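Comments concern the structure below.
2 protein chains.
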Amino acid sequence: MTDTAPSRLRGDSLREMVLETALRLFSERGYFNTSVHDIRRAAGVSTGAIYHHFAGKEALAKALYDALLSRMETAVDTACAGQQGCLAQGRAIIARLFELTVEQPRTMQFVLLAQHREFLPQEPPICSSQPFQRMRKVVEDGMSTGEVRSMEPWVAATALFGGALRMMNLQLDQALDRPLISYLDEVVDCAWRAIRA
Amino acid sequence: MTDTAPSRLRGDSLREMVLETALRLFSERGYFNTSVHDIRRAAGVSTGAIYHHFAGKEALAKALYDALLSRMETAVDTACAGQQGCLAQGRAIIARLFELTVEQPRTMQFVLLAQHREFLPQEPPICSSQPFQRMRKVVEDGMSTGEVRSMEPWVAATALFGGALRMMNLQLDQALDRPLISYLDEVVDCAWRAIRA
DNA sequence: GCCAACCGAACGAACGTTCGGTATCTTTTT
DNA sequence: AAAAAGATACCGAACGTTCGTTCGGTTGGC
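Shown next, in the form of structure tokens:
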């Protein structure tokens, strides 16, 4: 009778389960409305297990944030990779972000909307993170090739991606009646009219 | 010796002081990092006084949120009032919002950026509030007069105001090196190119 | 002398965290 | 190959603190 039983998780898979559960609860109810006991219960692990893998609640949130931001970074870079020019790259980024917003709303909720500085005081604002820097670079490159009108870089970047980010916001607030992806062409069209040469 | 002393506040002025202090602390450290005791101390009032004017911490936050949202509503409506056409109205709204962001960053921080649903579970998302409805209406009117290209209303609204809202975001995160107002013309120009007929 | 407005010490609940103990895996010894 | 020893991973009851809130008492205007 070598039953493997519903053998409780151990090691890395336990760690993953804790992170997954924490993401679900943090994005559903917010960091401060989620206690370590809630995570413990929902993940089916012990308090000690959580504190074995993470130094505390804040460290858990930081580990989660870093992992998700890094995933988003990869997604943005990969989307850009195959594309030439500001329009194509911008479109690819927006398309990928729209996909992520639909496929992993919790991730986007936690990374884009949550006010991290309230529970991760050391963290720089999200706008200075790698993915956002990358977006600004795309626009600046477009400006130096003449594809984009010459203008203030901040304005150009917010003009290209601001509308898309707000559409993602609306999707996460469930304000849209059609699938987010179906707005993609019009969103990109608008954004491009705003900054093209 | 009828010294009026530094006579402690009473009545409505005490209530105002509590609201003001709460706004300062909520926007600086966030709702959950601010205890009622913190507000009590910072405002120089007693616990009982707070609970005399507000049913609890959440009710205090709601009163504050309602007051600020109503102020913002007035600001948007007033800005629109003297203007004719989508471009003029949109520009006036953005200009006023930029001013408010600089003059009352705490208000904008609390109203626009904070995740209210975490501490006011009953509250609808900010995008369904009056000021945002008004912004969408401006765009839709512009579309029916032919000033704005015919397109999906949500896309048009986010295209017109999305860039400006992100610029306000950057200002609140102190990412900009020039005064926010100085970007106004370029922001409006971009937004208008995005949706004009 | 009445009533609303205000006071603040005290309270129970919930939170993040600890820590002595146990289970499981790894290495060493026989 | 089996047993012993050691190390790592996990367990969960319990702890100290802080929080939002209460409530019997006090003040001040009318």
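Chains as they are written, first to last, in the numbering used here: chain A, 8 to 204; chain B, 8 to 204. Note that CB positions come from ideal geometry on N, CA and C, so glycine has one too. None of the values given here were measured: they were computed from a predicted structure.
For this session: May I ask you to report which of helix, strand or coil DSSP gives ASP10(A)?
Result: Here ASP10(A) scores only 39 on pLDDT, less than 50, and its place in the model should not be relied on; the value that follows carries that caveat. Reduced to three states, the DSSP call for ASP10(A) is coil.
Problem set entry | Residue from ARG103(A), GLY170(A), PHE168(A) and ALA70(A) with nearest C-alpha to HIS123(A) | ALA70(A)
Exercise. Does the beta carbon of ARG47(A) sit closer than 8 Å to a beta carbon anywhere in chain B?
Worked result: no
Problem set entry | Terminal residues of the alpha helix (DSSP H) in which ASP73(B) lies | 64-88
Exercise. Would DSSP call ARG173(A) helix, strand or coil?
Worked result: helix
Exercise. Do GLU125(B) and ASN40(A) have their C-beta atoms within less than 8 Å of each other?
Worked result: yes
For this session: Have a look at ILE188(B) and ILE101(B) and give me their C-alpha separation to the nearest angstrom.
Result: 10 Å
Exercise. Where does SER189(B) fall in DSSP's three states?
Worked result: helix
Exercise. Is ARG203(A) helix, strand or coil by DSSP?
Worked result: strand
For this session: With DSSP as the reference, label VAL118(A) as helix, strand or coil.
Result: helix
Exercise. Is any beta-carbon of chain B found at less than 8 Å from that of ARG243(A)?
Worked result: The structure shown does not extend to residue 243(A), since chain A is modelled only from 8 to 204, so the question has no answer here.
Exercise. At a Cβ threshold of 8 Å, is THR9(B) touching chain A?
Worked result: The pLDDT assigned to THR9(B) is 37, lower than 50, so where the model puts this residue is not dependable; a value taken from the coordinates is nonetheless given after this. So no, THR9(B) is outside the interface.
Exercise. Quick one: what's got a C-beta closer than 7 Å to TRP199(A)'s C-beta in the same chain, skipping five residues either side?
Worked result: LEU94
Problem set entry | Within chain B, partners of ASP180(A) - CB distance below 7 Å | PRO132 and CYS134
Exercise. Should ALA198(A) be flagged as near chain B, meaning a C-beta pair shorter than 8 Å?
Worked result: yes
Exercise. Does the beta carbon of TYR72(A) come closer than 8 Å to any beta carbon on chain B?
Worked result: no
Problem set entry | Proximal residues to VAL25(A) (C-beta, below 8 Å), its chain only, five neighbours per side dropped | ILE46, ALA50, VAL52, ALA56, ILE57, HIS60, PHE61 and LEU67
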